[in-house]
Amino acid sequence: MHRRILSSSARIECILNQVPQYLLEANFGRIACTQPRRIAATALARRVAFETLDEYGSSIAYQIRFERTRTLRTRLLFLTEGLLLRQMQIDADLLQHNVSIFR
């Protein structure tokens, strides 16, 4: 079963990095969190890895155009909206992610 969370309010940006952490701790499987800009995707991945005391690039990673730290062990992936659209062209149901968080 694929679950989606839609988030578009600018007021909740301050907790945007908390929601993926809660889902990760609750073992929701593979989580994708979109960001509008490359710098936001990389910065949030580093921030969440720091806050969860996780080794950066292992279970928490980012993927932007021409660059990624994603591995087979990645459970929380921050990526740009463009990359998620590209993934949807190949797999419209996004079966590789259990949860997708859209900003």
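Residue numbers for the sequence shown follow this note's numbering, so the first one is 6 and each next one is one higher. The beta carbon of each residue, even a glycine, is placed where N, CA and C say it ideally should be. Model, not experiment: these values are computed from the prediction.
DSSP has residue i in a bridge; who is on the other side?
| i | result |
| --- | --- |
| Y61 | I65 |
Find out if the Cβ-Cβ distance for the pair residue i, residue j is shorter than 8 Å.
| i | j | result |
| --- | --- | --- |
| A31 | H102 | no |
| V85 | Q40 | Position check: residue 85 holds Thr in this sequence, whereas Val was assumed. Contact flag set, yes. |
| V2 | Q94 | Given that the chain is displayed from residue 6 to residue 108, the structure contains no residue 2 and the question cannot be resolved. |
| R70 | L81 | no |
Out of the options, state which residue places its alpha-carbon closest to the alpha-carbon of residue i.
| i | options | result |
| --- | --- | --- |
| R42 | Y67, D96, L58 and Q23 | Y67 |
| L29 | E56, A97, D98 and D96 | E56 |
| L100 | L58, R35 and A46 | R35 |
| L77 | S63, A97 and L90 | S63 |
Tell me the DSSP secondary structure of residue i in three-state form.
| i | result |
| --- | --- |
| L77 | coil |
I think residue i touches residue j, with their Cβ atoms under 8 Å apart; what is that distance to the nearest whole Å?
| i | j | result |
| --- | --- | --- |
| I65 | A50 | 6 Å |
| A46 | F83 | 4 Å |
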